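Under this note's numbering, the final residue of the sequence shown carries the number 139; numbering is consecutive throughout.
For reference, the structure is listed below as structure tokens.
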Amino acid sequence: LAKVNPKNREWAADALKAVFGMESRDKALEKAESVARDMESRKLREAAKCLREGIGETTTYLLDDYPREHRRRIRT
64 LAKVNPKNRE WAADALKAVF GMESRDKALE KAESVARDME SRKLREAAKC LREGIGETTT
124 YLLDDYPREH RRRIRT
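Structural data, given as structure tokens:
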């Protein structure tokens, strides 16, 4: 959120919560790309770049290697 101007912070926070609230990694990656495109349309290019660069690592907890009941602990 540091790369988002104050005017768009609330929207960006909600959008990122939606990304990380997805049930599967594939859906999270799809949602992240959609959010990144929305960010670019709002002239938040640096935030979109940051999201695209980090989404792979930050959604590791959604891999099937981890039990669903552990996801919350891993994520936080």
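In this text, a Cβ means the ideal position worked out from N, Cα and C, and glycines have one as well.
Computed from a predicted structure; not experimentally measured.
Cβ-Cβ separation between Leu125 and Ala91: approximately 6 Å, consistent with a contact (criterion under 8 Å). A straight line joining the alpha-carbon of Arg131 with that of Arg108 spans about 33 Å. With 16 or more neighbouring CB atoms inside 10 Å of its own CB, Ala99 falls in the buried class. Restricted to the segment 76–133, the alpha helix (DSSP H) segments that are unbroken, complete and at least 4 residues in length are 88–104 and 108–121, listed in chain order. It is roughly 20 Å from the alpha-carbon of Asp128 to the alpha-carbon of Gly117. Our two residues, Ser87 and Met102, have alpha carbons roughly 22 Å apart in a direct line.
The beta-carbon separation of Lys66 and Cys113, rounded to 6 Å, stays under the 8 Å limit for a contact.
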